[in-house]
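**Student:**
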Amino acid sequence: GTDLVARCKVQLSNLAFVHTVMLRVLYTLDSVNYGGRDFADTNYVGGFIQNNCILTLETPIINIPTTGSLTNVEAQVLIIFDNTTARTGTATIDVGQLSFEQLT
-6 GTDLVARCKV
4 QLSNLAFVHT
14 VMLRVLYTLD
24 SVNYGGRDFA
34 DTNYVGGFIQ
44 NNCILTLETP
54 IINIPTTGSL
64 TNVEAQVLII
74 FDNTTARTGT
84 ATIDVGQLSF
94 EQLT
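Residue numbers (the numbering used here): -6 to 97.
(1) Excluding five sequence neighbours on each side, which residues of the same chain lie with their C-beta closer than 6 Å to the C-beta of residue 45?
(2) Could you tell me the boundaries of the beta strand (DSSP E) in which residue 56 lies?
(3) Is DSSP giving residue 43 helix, strand or coil here?
(4) Identify every residue that forms a DSSP beta bridge with residue -6.
(5) Can you tell me where the beta strand (DSSP E) with residue 65 in it begins and where it stops?
(6) Assuming residue 85 is part of the beta strand (DSSP E), what are its boundary residues?
(7) Along the chain, where does the beta strand (DSSP E) containing residue 22 start, and where does it finish?
(8) DSSP beta-bridge partners for residue 108?
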């Protein structure tokens, strides 16, 4: 099979209500979706995301089998905000050094 990994750095500043920052790899094999992810979760009290920080995210190794019909492979960076509509604020997000690599 083929081993893939995704890596990226995400810089966050002026944080307001960011719930999750996630990097994930998804692929579709024989019409079934698979994937893996790495994430930093929540900037609320006791959370792991700090204001004005740089996160380094790396997915676990994803092994794509050589058999079957592969129709999609992608890397995604997701920024998920708290869904409490009464809250307002801003967030400055800079995604850089994104790589999507086949391991040998």
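The C-beta atom is built at its ideal place from N, Cα and C for all residues, glycine as well.
**Tutor:** The structure says:
(1) 6
(2) 55 to 57
(3) coil
(4) In the DSSP output, where bridge partners are listed per residue, residue -6 has none listed.
(5) 63 to 74
(6) 85 to 96
(7) 11 to 22
(8) Residue 108 lies beyond the residue range present for the chain, which begins at -6 and ends at 97; the question has no answer from this structure.
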